[in-house]
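J.: Residue numbers (my numbering): -8 to 464. First the structure, then my questions, so here it is.
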Amino acid sequence: MNLPSLKQAKIRGKEEVKILYDDYKIPNDVQNYFKNKKYYIETYGCQMNVHDSENIKAILENIGLTETASMTNSDLIILNTCAIRENAHNKVFGMLGRIKHLKEEKKDIITCLCGCMAQEENVASIIHEKYKWLDLVFGTHNIHKLPILLGELIKTKKQNIDVYSIEGNIYENIPVKRDSKYKAWVNIMYGCDKFCTYCIVPYTRGKQRSRLPQDIIKEVEELVKDGYLEVTLLGQNVNAYGKDLKTNYNMANLLENVAKTQIQRIRFITSHPWDFTDDMLDVIAKYDNIMPYIHLPIQSGSNRILKLMGRRYTKEEYICLFNKIKRKIPNVSISTDIIVGFPNETEEDFQETLDIVNTLKFDLAYTFIYSKREGTPAAALEDNITLETKNKRLQKLNNLVNKYAKENNQKYLNKVVPVLIEGESEKKGKFFGYTDTMKLVNVKCDPSCVGKIINVKIKEIKTWSLDGDINND
Ligand code: 5AD
Ligand code: SF4
């Protein structure tokens, strides 16, 4: 039993990050036990978690399990959880209620919880005290240990909570079962050292650790060989890539080297305005295979709130960077994240957020009501704003954001754009994909287009998507 500690998770020491190439091992007895058994996995939260689930799926399949879409027919259930906001928690606790009933009927089913919620001290202690039927809880630092943890579980049949509040290492060579044959997530770094005052991530994912450039490039080269068309480079704050390496190698260098692999499309998320360099912009502008799309969270339009959030930039600096990106990268689209209702956000602060949306006219904005995360500095701030006010502000902000999303889409009407077709759309007879600028497009085409980048003529504009036909001109 290893329980997480927030106090421990906060520490950033001088210990060197270890890069471990062969720490993933499978005990023999585990393989025999799980042969022909089925697993059900549910993933909550960000792309980092989606990619972790791709690792978990491969690990489970390595020990003999196969995936099922039916929870009731499974022999092992895993919830890969997210801690970023309270509603992510609530969804998971709701799900645990359902799983408990299932476990009462089907005693042998193995139940596991992992991901960011597992790293939270209060969640782990609730599980320890009140969810004794939950078999295994592991965290974000020991996914590679899953076969060993399952091996111990089938022997002891006792609940095990194995979560480490450490700064973290890098585990290479963990197997991966990718959800797509065309698009791949590639981690370039783990953790975050920014400690924005509202955010739980630096506590749940450890310190910033960059993978070595050669390991990243090797992974992308293999993806190219396997026929992948697109990679998304993943990190909590990708612009800071390399800062923890003992070399001068940085995100601009990495982007350039990834571009040289000739993979057709490169994306990267998430960028923090603080670390965005001119060198990065030059590389993005230079290479056609680096997509002209940037996700650049602003969080608030008020300098007072930005300071309380610990974001390290002013709205003026953000606007300056935004304009530079627009100037240097032709046709770029820019999306953002915005939090409303940060403790004691005044009407004036909120108005400044609306003002900046009116000025910058984002292509898209992901908007959230502030959610108090236990243990973060913002959780200690007094908050006099009612939830009703926060909901009203969110509604108002969303209306504005939607207006600009649609307005930005207008320029695509009757234009021909390249779209990587990913699969069948929810709309009957149509297929969906994304433009280089990350616009969702529903296309009338035949199934042979899936997995190809095709030219699409846009015929109709919507707020969240575009409709089009194959361009035969
Ligand atoms: N409350 C609300 N939104 C949050 N985010 C991060 N932490 C919180 C929180 N405590 C949002 C930020 C971030 C996005 C991934 O989630 O906008 O950019
Ligand atoms: Fe959280 Fe800020 Fe790090 Fe993003 S940069 S993960 S918001 S602490």
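A virtual CB, placed ideally from N, CA and C, is assigned to each residue, including glycine.
Rounded C-beta distance between residue 134 and residue 43? I'm assuming under 8 Å.
T.: Rounded, the Cβ-Cβ distance is 6 Å, consistent with contact.
J.: Going by other Cβ atoms of all chains shown within 10 Å of its Cβ, with 16 needed for buried, is residue 465 buried or exposed?
T.: Because residue 465 is not part of the residues shown, which for the chain are -8 to 464, the question remains open.
J.: Going straight from the alpha carbon of residue 430 to that of residue 376, what length do you get?
T.: Between residue 430 and residue 376, the C-alpha separation is close to 35 Å.
J.: So what's residue 72 in DSSP terms, helix, strand or just coil?
T.: Three-state DSSP puts residue 72 in a strand.
J.: Is residue 124 helix, strand or coil by DSSP?
T.: Looking at residue 124 - three-state DSSP - the assignment turns out to be coil, as it is neither helix nor strand.
J.: Express the C-alpha separation of residue 292 and residue 404 in angstroms, rounding to a whole number.
T.: If I take the Cα positions, the gap works out to 31 Å.
J.: Quick check on DSSP: helix, strand or coil for residue 6?
T.: Three-state result, residue 6: coil.
J.: From the DSSP output, in three-state form, read off residue 15 for me.
T.: Coil.
J.: Taking 7 Å as the cut-off, is the CB of residue 330 close to at least one heavy atom of ligand 1?
T.: Yes.
J.: Pull up the DSSP beta-bridge partners for residue 106, would you.
T.: According to DSSP, residue 106 bridges with 72.
J.: Name the residue from 214, 204, 210 and 209 whose alpha carbon lies nearest to the alpha carbon of residue 240.
T.: When each option's Cα is compared against that of residue 240, the closest is 204.
J.: Using a threshold of 7 Å, is the CB atom of residue 267 nearer than that to any non-hydrogen atom of ligand 1?
T.: Not so, every heavy atom of ligand 1 lies at least 7 Å from the Cβ.
J.: Could you tell me the distance, in whole angstroms, from the CA atom of residue 373 to the CA atom of residue 202?
T.: Going by the C-alpha atoms only, they are around 39 Å apart.
J.: Determine the contact status of residue 158 and residue 185, defining contact as a CB-CB distance below 8 Å.
T.: No. Outside cutoff.
J.: Say the cut is 7 Å; is the CB of residue 288 nearer than that to a heavy atom of ligand 1?
T.: Indeed, a heavy atom of ligand 1 lies less than 7 Å from the Cβ.
J.: Taking 7 Å as the cut-off, is the CB of residue 262 close to at least one heavy atom of ligand 1?
T.: No, since every heavy atom of ligand 1 falls outside the 7 Å radius drawn around the Cβ of residue 262.
J.: Considering only their Cβ atoms, is the gap separating residue 283 from residue 126 smaller than 8 Å?
T.: No. Outside cutoff.
J.: Could you say if the stretch 176 to 193 and the stretch 349 to 360 meet the contact criterion of at least three C-beta pairs nearer than 8 Å?
T.: Counting Cβ pairs under 8 Å, fewer than three are found: no touch.
J.: Say yes only if the C-beta of residue 116 is nearer than 7 Å to one or more non-hydrogen atoms of ligand 1, and no if none qualify.
T.: Because no heavy atom of ligand 1 lies under 7 Å away, the Cβ of residue 116 does not count as near it: no.
J.: Say yes only if the C-beta of residue 362 is nearer than 7 Å to one or more non-hydrogen atoms of ligand 1, and no if none qualify.
T.: Yes, the beta carbon of residue 362 sits closer than 7 Å to at least one heavy atom of ligand 1.
J.: Pull up the distance between the alpha-carbon of residue 380 and that of residue 365, whole angstroms please.
T.: So the alpha carbons of these two residues sit roughly 22 Å apart.
J.: Classify residue 47 as helix, strand or coil using the three-state DSSP reduction.
T.: Note: residue 47 maps to helix in three-state DSSP.
J.: Pop quiz: residue -5 and residue 156 are said to be a contact at Cβ under 8 Å. What is the actual Cβ separation, rounded to whole angstroms?
T.: With a Cβ gap of about 5 Å, residue -5 and residue 156 count as contacting.
J.: Kindly give me the distance between the Cβ atoms of residue 304 and residue 348, rounded to whole angstroms, as I take these residues to be in contact under 8 Å.
T.: About 17 Å separates the two Cβ atoms, so there is no contact after all.
J.: Mind listing, in chain order, the continuous alpha helix (DSSP H) runs of no fewer than 4 residues lying wholly within the stretch 182 to 226?
T.: Fully enclosed alpha helix (DSSP H) runs of 4 or longer: 192 to 195 and 204 to 216.
J.: Let me check you understand the geometry: is the CB of residue 359 closer than 7 Å to at least one non-hydrogen atom of ligand 1?
T.: Flag set: Cβ of residue 359 near ligand 1.
J.: Considering Cα atoms alone, identify which of 423, 450, -7 and 352 is closest to residue 393.
T.: Out of 423, 450, -7 and 352, 352 has the C-alpha closest to the C-alpha of residue 393.
J.: Classify residue 314 as helix, strand or coil using the three-state DSSP reduction.
T.: Helix, per DSSP.
J.: Could you please give me the residues that DSSP links to residue 343 through a beta bridge?
T.: In the DSSP output, where bridge partners are listed per residue, residue 343 has none listed.
J.: Restricting to runs no shorter than 3 residues, where is the beta strand (DSSP E) found entirely within the stretch 344 to 386?
T.: Taking only runs of at least 3 residues, the beta strand (DSSP E) segments lying wholly in the stretch 344 to 386 are 355 to 360.
J.: Does the distance from the CB of residue 434 to the CB of residue 461 come in under 8 Å?
T.: Their beta carbons are under 8 Å apart, which means residue 434 touches residue 461 by this criterion.
J.: Can you determine whether any heavy atom of ligand 1 sits closer than 7 Å to the C-beta of residue 90, and answer yes or no?
T.: Because no heavy atom of ligand 1 lies under 7 Å away, the Cβ of residue 90 does not count as near it: no.
J.: Exposed or buried, which one is residue -8 when buried takes at least 16 other CB atoms within 10 Å?
T.: Exposed: under 16 other Cβ atoms inside 10 Å.
J.: Does DSSP classify residue 415 as helix, strand or coil?
T.: Three-state DSSP puts residue 415 in a strand.
J.: So what does residue 176 bridge to, in DSSP terms?
T.: Paired residue(s): 223.
J.: When DSSP labels each residue in this structure, what does residue 422 get in the three-state scheme?
T.: Three-state DSSP puts residue 422 in a strand.
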